[in-house]
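Protein sequences appear in the order of chains G and H.
Residues in the first sequence are numbered consecutively from 1, following UniProt numbering.
Residues in the second sequence are numbered consecutively from 1, following UniProt numbering.
C-beta atoms are modelled at their ideal positions from N, C-alpha and C, and glycine is treated no differently.
Here the structure is a predicted model, which is why all the values come from computation and not from measurement.
These notes concern the structure reproduced below.
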Amino acid sequence: MSEAKFVSRAVRKKDAQALMTGKPVYTGDLVPAGALTVKLLRSPHARAWIEEIDCTAAMKIPGVVAIYTWQDVPQSRFTTAGQTYPEPSPYDRLILDRQIRCAGDPVAIVAAETPEAARKALDRIKVRYQVQEPLLDFTKAKDNPIVVHPEENFRTLCDVGTDASRNLCSTEQSEVGDVEAELAASEVVLTRTYHTKANSQSMMETFRTFCYLDEYSRLCVVSSTQVPFHVRRILSNALEMKKADIRVIKPRIGGGFGAKQSSVSEVFPAFVTRMTGRPAYLEYTRQESLTNGSPRHEMQLTVRIGADRDGTLRAIDLYVLSNAGAYGDHGPTTIGLAGHKSIPLYGGLRASRFSCDVVYTNTMGAGAYRGYGATQGIFAVESAVNELAAELGIDPSVIREKNMVREGQIMPAYYNELCGSCTLDRCLARAKEMIGWDEKYPRRVLPNGHIRSVGLAMAMQGSGISGVDIASVEIRLNDDGFYTLLVGCTDMGTGCDTILAQMAADCLDCDYTDISVRGVDTDQSPYDTGSYASSTTYVTGMAVVKTCEVLREKILRQGASMLGVSEEEAEFDGKRVWTADGREVSLSEIGYASFEGHNRCLSASESHSSPVSPPPFMVGAAEIDLDPETGEVQVVDYAAAVDCGTVINPALARVQTEGGIVQGIGMALYEDVWYNADGRMVSDSLMQYKIPTRLEAGRIQVEFESSYEPTGPFGAKSIGELVINTPAPAILGAILNATGVAFHTLPVRPEDIAMAKKPSDC
Amino acid sequence: MNITVTLNGTVRTAEVRPDTTLFDFLREQGCYSVKCGCETSNCGLCTVHLDGHPVLSCSVLAVRADGHTIDTLEGLQEEAAAFGACLADEGAEQCGFCSPGLILSVLAMARELQNPTDDEIRHYLAGNLCRCTGYQGQLRAIRRYLTERKEASRA
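Set out below in structure tokens:
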């Protein structure tokens, strides 16, 4: 491998031209003519038993082709969580179930010739429900007499402590050292309980899928998904079909953020196509995406921190209660990150404990959202450290300088992994400079009475799932010497098709435009678990590096053979294979020759799975403007110093960081999923579920303090999820520094601040 | 009922229902750049030009466009190319799903506002949501586009 030429350069995305000119490249743009419109009748009740469904009147509407109810669908339970088999998420769903477990649960599938006919049919289906009392409060779910999943065919594939009779989706406890002894020996013990809400990913393209029977009579599924290979298995489970009869294609995706790591929309049109043989298309409305999507898990987190008065942390004890909602997708796994990716931020702890319960309730089933539990855990731990600093009268940046994890340390709470690359110390110093911490901490009052204050937080994530995620790529040399790079990971706007091509170009010493990328079609692409868990750059990137090494050897062998010399006597420089005595054969000639009359078409395919998941790190510092009269908070400046290892594409990494921070600002101040007393979601449109506009985003500064990760491609780690984790604790830290009040529930609304009892009032 | 519109420079007559939205009409006419992101006029993805001014096509009935001129990104390729290039250089398209609506709003803004400040830009585009980028890269791209546009007009 020669010196990097495309890696670390801000090249344009491979798909930029198509996207900038509005080409029809998304799922909804590609629906075949004559496809049936699929719509779902949804339950208005949070918990109910379907006594009777009468579709007679609805079936008489011209254009209605079929209506399916619980009696028509397969009775094998499955999970829609896109995870490696055997999935830790319980098999607790049916396509349509007679028992309703949350408002919006599907009751009937309508397939019609036109959207109008389908809509009319929804209105004409008569359903008689036996309405039951719902279980809505997740803090009362464990051992509640209301059992969310009483069914006998509920099952789990992994031992994650599930007990459906107790509403327990999973449970876990792990301890390093003796936490109680360390807490008892600490000079100060701070105990706080935090509450984070469900959040909707609100990607601009809602869930959508179309299906048809292809020329081989196989079920072809075109879907906006992050996990095509997992969707193939999920559909096979749900429809009781052979996997061999299913093909999944991912076109361009209009954002995912984890939402599309669950198979939210695929099963319904797939069922319709299987039953009718006709193409079928389902597009979720924004309302459906909000009420029955796959949001972040609501969590209640109790932190106990033991410290000495000089700010030395001795122990952290974290208990987390997570609300799976009606279905357990990603429930047992998101919770783990809440502890395992928050506690290890502190390197010198003598003891730590993480324990948790994930419970079922009659609210919307949760799923995967960028950060995947780490976001909630880091919010709690970092907020508690901010409160501890305030209580001890220590600058919150100083308490972190004293205790943060350092390169070379073993991280006992992070599966005993070595912290092999980490510039968290430099990130902290840099973020403080960028925000002007030393001048601005803790607060100042402006002439108009507003308070300007600063707060900060540290964060980490992983890079793929160690020992689980697998990425494969295939690279082929073509005639004339260009390459085709086949990937199984899913570019959802993140730009992974581009950054993988940048890596391949440098590994093969060729121009970036000589790499054609193609993903993802489960019939044609090499296997990849999918784009989630911050895996693409680190795991799939390494598969690219390995594949290129093998392909280079093959090219050299072919070239040497054409020159009539041994491989040892020849060299490959990306453009030609040559010998010391001045003979050469060009890559183009090798490409043509490999297509003619022998058994050596030049291609390579390697897989990669990493035994470790090196954490990227960052520090985020927020400066806020707080109006004490109204309680309104505006983030005026946000400084992010990020260690994602080598930055493969600085433009894309920067935009990812900025986007994650604004999502985090939304989580801190605006985004709230809430229900009425009957369990119906109130925040079911972008009017009520407020995501930040550009007026709320403020100024965001991003800088990279790169370490070099020895196990990653070109020294890279991940960035996608990490960047959502600091805003909530940093902004609440700034509010604490402004008002002296520590808030514990997200989002913090202006009225919470304006009406809060100030410490001076006591 | 029948409507006649000038769509991307071509006169078209089509049968629509009284409750057909301009959004549905445009998709039926093959203008796939026009996207829908909500049902509540919040997101700006479906922005098109009606007689040169930006409107949310989800909130305009197709019959209201009868006799008028409609332009979508399909018909504004040449005018949009320079800003599209700025967005691509910043990597600020990300998933790209909100880009056509944003591009149409930015083109309208560039025609409407002279030398807008960052705050004026933010207010003009407040109705164009984006979930990927955090808006910063878009602002950098807009600033560069406006500067280049000004320099080009001077030249």
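Nearest candidate by alpha-carbon position, reference residue i, set the options
i             : options                       : result
residue 763/G : 120/G, 459/G, 507/G and 178/G : The requested residue 763/G does not occur in the structure, where chain G is confined to residues 1 to 762.
residue 321/G : 413/G, 440/G and 171/G        : 171/G
residue 398/G : 4/G, 61/G and 457/G           : 457/G
residue 91/H  : 652/G, 714/G and 682/G        : 652/G
residue 686/G : 422/G, 291/G, 452/G and 23/G  : 291/G
residue 215/G : 628/G, 192/G, 247/G and 191/G : 247/G
residue 62/G  : 117/G, 90/G and 98/G          : 117/G
residue 200/G : 510/G, 366/G and 492/G        : 366/G
residue 646/G : 282/G, 626/G and 704/G        : 704/G
residue 141/H : 27/H, 85/H and 48/H           : 85/H
residue 168/G : 327/G, 579/G and 381/G        : 327/G
residue 284/G : 323/G, 202/G and 359/G        : 202/G
residue 187/G : 306/G, 520/G and 505/G        : 306/G
residue 763/G : 564/G, 741/G, 274/G and 442/G : Residue 763/G lies beyond the residue range present for chain G, which begins at 1 and ends at 762; the question has no answer from this structure.
residue 316/G : 234/G, 449/G, 174/G and 437/G : 174/G
residue 102/G : 473/G, 353/G, 293/G and 11/G  : 293/G
residue 618/G : 565/G, 718/G, 528/G and 195/G : 718/G
residue 511/G : 584/G, 575/G and 91/G         : 575/G
residue 732/G : 649/G, 633/G and 47/G         : 633/G
residue 270/G : 233/G, 370/G and 489/G        : 233/G
residue 142/G : 358/G, 207/G and 449/G        : 358/G
residue 381/G : 361/G, 362/G, 338/G and 368/G : 338/G
residue 637/G : 179/G, 727/G, 58/G and 587/G  : 727/G
residue 198/G : 725/G, 674/G, 451/G and 734/G : 674/G
residue 107/G : 68/G, 87/G and 135/G          : 68/G
Spatial neighbours of residue i in its chain, beta-carbon cut-off 6 angstroms, leaving aside the 5 residues before and after
i             : result
residue 278/G : 36
residue 133/H : 92 and 94
residue 498/G : 13 and 14
residue 519/G : 487 and 525
residue 714/G : 7 and 646
residue 613/G : 462, 463, 464 and 466
residue 138/H : 92
residue 225/G : 231, 250 and 260
residue 126/G : 54
residue 842/G : This structure leaves residue 842/G out entirely; chain G is present only between 1 and 762.
residue 120/G : 61
Chain-order list of residues whose beta-carbon lies under 8 angstroms from that of residue i (same chain, five-residue window excluded)
i             : result
residue 694/G : none
Closer than 7 angstroms: residue i CB and nearest the ligand NAP heavy atom
i             : result
residue 524/G : Inclusion of the ligand NAP in the displayed structure is not the case, the ligand content being empty and no account of it being possible.
Same chain, Cβ closer than 7 angstroms to residue i, five either side skipped, listed in chain order
i             : result
residue 8/H   : 71, 72, 74 and 75
residue 212/G : 32, 220, 273 and 279
residue 143/H : none
message: Please list, in chain order, the residues of the stretch 192–210 of chain G that have any C-beta partner in chain H closer than 7 angstroms.
response: 202, 203, 204 and 205
query: Would you say the stretch 326–343 of chain G touches the stretch 365–385 of chain G, given that touching needs at least three Cβ pairs under 8 angstroms?
result: yes
query: Can at least three beta-carbon pairs, one atom from the stretch 689–707 of chain G and one from the stretch 342–353 of chain G, be found at a separation below 8 angstroms?
result: no
- request: Quick one: which residues of the stretch 286–297 of chain G get their C-beta closer than 9 angstroms to a C-beta of chain H? List them in chain order.
  value: 286 and 287
- prompt: Are three or more beta carbon pairs between the stretch 255–264 of chain G and the stretch 17–29 of chain G nearer than 8 angstroms?
  reply: no
message: Check whether the stretch 78–85 of chain G and the stretch 140–148 of chain G touch, using three or more Cβ-Cβ pairs below 8 angstroms as the test.
response: no
field: 3 or more residues per run - each beta strand (DSSP E) lying fully within the stretch 334–379 of chain G
entry: 351–360
query: Which residues, in chain order, does the stretch 4–15 of chain G contribute to contact with chain H at a C-beta distance below 8 angstroms?
result: 10, 12, 13 and 15
query: Whole beta strand (DSSP E) runs in the UniProt domain "2Fe-2S ferredoxin-type" (1–76) of chain H with 3 or more residues, listed along the chain?
result: 2–7, 10–15, 47–50, 53–56 and 69–71
- prompt: Is the stretch 546–556 of chain G in contact with the stretch 435–451 of chain G, if contact means three or more CB pairs nearer than 8 angstroms?
  reply: no
Contact between the stretch 474–482 of chain G and the stretch 579–592 of chain G (3+ Cβ pairs under 8 angstroms): yes
- request: Write down every uninterrupted run of the beta strand (DSSP E) in the stretch 204–232 of chain G whose length is 3 residues or greater and which is fully enclosed by it, in chain order.
  value: 208–213 and 219–223
message: If the cut-off is 7 angstroms on Cβ atoms, which residues from the stretch 677–692 of chain G count as contacting chain H, listed in chain order?
response: 685, 686, 687 and 691
Cβ-based contacts, 7 angstroms cut-off: residues of the stretch 63–94 of chain H near chain G: 73, 74, 77, 84, 87, 88, 89, 90, 91, 92, 93 and 94
task: Check whether the stretch 100–118 of chain H touches the stretch 25–41 of chain H, taking contact to mean three or more Cβ pairs, one atom from each stretch, closer than 8 angstroms.
output: yes
task: Counting only runs of 3+ residues fully inside the stretch 568–650 of chain G, write out the beta strand (DSSP E) ranges in chain order.
output: 570–572, 576–579, 584–586, 603–608, 617–626 and 633–643
query: When Cβ atoms are compared, which residues of the stretch 125–143 of chain H fall closer than 9 angstroms to chain G?
result: 125, 126, 127, 128, 129, 130, 131, 132, 133, 134, 135, 136, 137, 138 and 139
message: What ranges does the alpha helix (DSSP H) occupy inside the stretch 86–128 of chain G, keeping only unbroken runs of at least 4 residues that lie completely in it?
response: 115–124
- prompt: What are the complete beta strand (DSSP E) segments, minimum 3 residues, inside the stretch 3–43 of chain G?
  reply: 36–42
task: Give the residues from the stretch 20–53 of chain H that approach chain G closer than 7 angstroms (Cβ to any Cβ), ordered along the chain.
output: 32, 33, 37, 38, 39, 40, 42, 43 and 45
- prompt: Should the stretch 557–576 of chain G be called in touch with the stretch 592–611 of chain G, which here means at least 3 C-beta pairs below 8 angstroms?
  reply: yes
task: Ignoring anything shorter than 3 residues or poking outside the stretch 660–690 of chain G, list the beta strand (DSSP E) runs there in chain order.
output: none
message: Any contact between the stretch 48–64 of chain H and the stretch 18–27 of chain H? By contact I mean 3 or more CB pairs, one from each, below 8 angstroms.
response: yes
- request: Kindly provide the ranges of any alpha helix (DSSP H) runs that are 4 or more residues long and lie completely inside the stretch 701–757 of chain G, ordered along the chain.
  value: 727–739 and 750–754
- prompt: Counting only runs that start and end within the stretch 404–453 of chain G, where is the alpha helix (DSSP H) found for 4 or more residues in a row?
  reply: 424–435 and 437–440
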